[in-house]
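Each remark here refers to the structure printed beneath this line.
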């Protein structure tokens, strides 16, 4: 049996025809050591510049694998050590690039992944809704455009009629906020998102506690607490320098090592880095591997209202949201919040808004209890609450109506947020478990805002003094007032007073401002349960 020459075996293993052709053109024959340093760049151009539809390089994962195969046969290919070094340098340009994938579910957008290892293309104009144009959907809902970089996902919600250029730039902003270097190349027909390798962190150990050792390699720190000291520290300082800034924690003799290491990691996390911890094999000792990467976390004041996304987790009668992206509140980095006084959400992905409240627990090491209250389910189209007002998805401030039950000081208020022809109905106020929750309790229903029927006209009597009664003569509670500008050549302000009939569970909008109708005109009604 005749064995195959190594170079012949290499040529047969190459998947991409343009790389195979370029390799063959540089082999003078079956003899080894035929590729010179001057020929190496041309060999790489065959894989990095073969698709003229892609701006710049178009090196794919498959092509990188081919160049790695060629690298394995270097002893048979390169004439000199210089040729081998040039090849290694060229190869590192591409093996170090991140793997980038793009997915979207908007009917108006199109994507193309795989054009290059670290590039994706996006084209079209977003619908902003899952229903294709001209189609009536039973179930619609907001859409998403997501990009994955080495498995980490970043998403934005496209708006109606948003062009691909805008969606691409918003995705790039999400990546840049997380420490990635990004370029967006746009034309009228498409946008190309190019993600480059992150700059390595500059790490240095500052450990002085005799029981602790820290080894630094790349973006990783190996932490060891010596067997002799067990998991207790001998006393001193432990720390690490990240990009020239030191983060240290003073320790005491006999202190548990896990406590000091947790506090040190928290300092680094609060400073804007993600620290992933992996436990490594050890005997009667702490042996950990920390992997650091820069991240952008929203810095929020305790009690702020914000938008968050993640996965709902159910634990008995309690619900939590595991956040897609951690947030920072004061000196704490939070990746999980308890959902309080909001909708009974099912387990799974969710996009919510609400008020975050943090309370430090009196235990050691320091831990926090964080709640999200005043919750709106943004993915279901509910308006968000900012502590004073409601806003729809377009950012428009909505009319807010509020009905307080008479003679019930601690009873919850009925809340209406009016958006176009839909009223979102919820509750707020009343007795609260503690003061660290939002006044708003969440929405429970919607109802149309409709023109009054003949029965509605007969159900209310309004007067010029801005009061109203129902058909039985009982006075109705005023729950809101809206002033708008009238039309016509001499426009005068128009005022709509809203009244609520608790027995009929109906809100009535009466418009004033027309001198011919001083008692006002019933123009809108909201029937709960309609």
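Numbering (the working numbering), first residue to last: 145 to 674. We treat Cβ as the ideally placed atom computed from N, Cα and C, and that holds for glycine.
For residue i, three-class secondary structure by DSSP
i	result
residue 667	strand
residue 395	strand
residue 251	coil
residue 334	coil
residue 409	helix
residue 439	coil
residue 287	coil
residue 301	coil
residue 146	In this predicted model, residue 146 has a pLDDT of only 46, less than 50, meaning its place in the structure is not dependable; the value taken from the coordinates is given anyway. Residue state, collapsed to three classes: coil.
residue 614	strand
residue 598	helix
residue 403	helix
residue 433	strand
residue 206	helix
residue 329	strand
residue 414	helix
residue 528	strand
residue 523	helix
residue 341	coil
Contact belief for residue i with residue j at Cβ below 8 angstroms, rounded distance in angstroms
i	j	result
residue 471	residue 444	6 angstroms
residue 433	residue 364	6 angstroms
residue 291	residue 328	Contact doesn't hold; Cβ gap of about 11 angstroms is too wide.
residue 375	residue 335	That belief does not hold up - the Cβ atoms of residue 375 and residue 335 are roughly 52 angstroms apart, past 8 angstroms.
residue 378	residue 404	Their Cβ separation, rounded to whole angstroms, is 11 angstroms, which puts residue 378 and residue 404 out of contact at 8 angstroms.
residue 385	residue 333	Residue 385 to residue 333, Cβ: 48 angstroms. No contact.
residue 654	residue 588	Residue 654 to residue 588, Cβ: 26 angstroms. No contact.
Residues near residue i by beta carbon distance below 6 angstroms, same chain, minus five either side
i	result
residue 177	223
residue 584	518, 529, 572
residue 431	368, 424
residue 464	457, 480, 482
residue 340	325
residue 188	234
residue 515	482, 484, 501
residue 503	513
residue 280	Note that residue 280 scores a pLDDT of 45, beneath 50, so its modelled location is shaky; the value from the coordinates is reported in the next line. None.
residue 487	521, 586
residue 282	Residue confidence for residue 282 is low, a pLDDT of 42 falling below 50, so the modelled location carries little weight and cannot support an answer.
residue 453	468, 495
residue 531	449
residue 330	309
residue 498	516, 517, 518, 519
residue 667	653, 655
residue 624	545, 642
Bounding residues of the alpha helix (DSSP H) (the contiguous stretch that carries residue i)
i	result
residue 184	184–192
residue 309	308–321
residue 152	150–157
residue 261	No alpha helix (DSSP H) holds residue 261; DSSP gives it neither H nor E.
residue 162	161–169
residue 226	225–239
residue 218	218–221
Any C-beta of chain D under 8 angstroms from that of residue i
i	result
residue 629	Of the protein chains in this structure there is only one, and it is not chain D.
Neighbourhood of residue i by C-beta, 7 angstroms cutoff - its chain only, sequence neighbours within 5 removed
i	result
residue 288	248, 249, 299, 301
residue 146	With a pLDDT of 46 at residue 146, under the threshold of 50, the modelled position of that residue is not reliable, and the figure given next carries that caveat. Around residue 146: no qualifying Cβ.
residue 360	347, 348, 349
residue 227	179, 180, 181, 184
residue 239	208
residue 150	217, 220
residue 278	Because the pLDDT of residue 278 is 48, which lies under 50, any placement of that residue in the model is unreliable, and the number read from its coordinates should be weighed accordingly. None.
Residue i, enclosing beta strand (DSSP E) - first and last residue
i	result
residue 501	492–505
residue 645	637–645
residue 477	476–483
residue 294	Where residue 294 is concerned, there is no enclosing beta strand (DSSP E), given that its DSSP letter is neither H nor E.
residue 544	543–547
residue 571	566–572
residue 369	364–369
residue 558	557–563
Residue(s) in a DSSP beta bridge with residue i
i	result
residue 451	497
residue 353	Answer is none; residue 353 lacks a bridge partner.
residue 651	644, 670
residue 684	The requested residue 684 is not part of the displayed model; the chain covers only 145 to 674.
residue 606	612
residue 385	348, 390
residue 627	639
residue 457	464
residue 211	Paired residues: none, contrary to the question.
residue 472	443, 477
Cutoff 8 angstroms; reference residue i; Cβ partners in own chain excluding five residues on either side
i	result
residue 304	270, 271, 272, 273
residue 409	419, 421, 434
residue 212	235, 239
Residue i: CB within 7 angstroms of a non-hydrogen atom of the ligand FMN
i	result
residue 523	For the ligand FMN, the structure offers nothing, since it holds no ligand at all.
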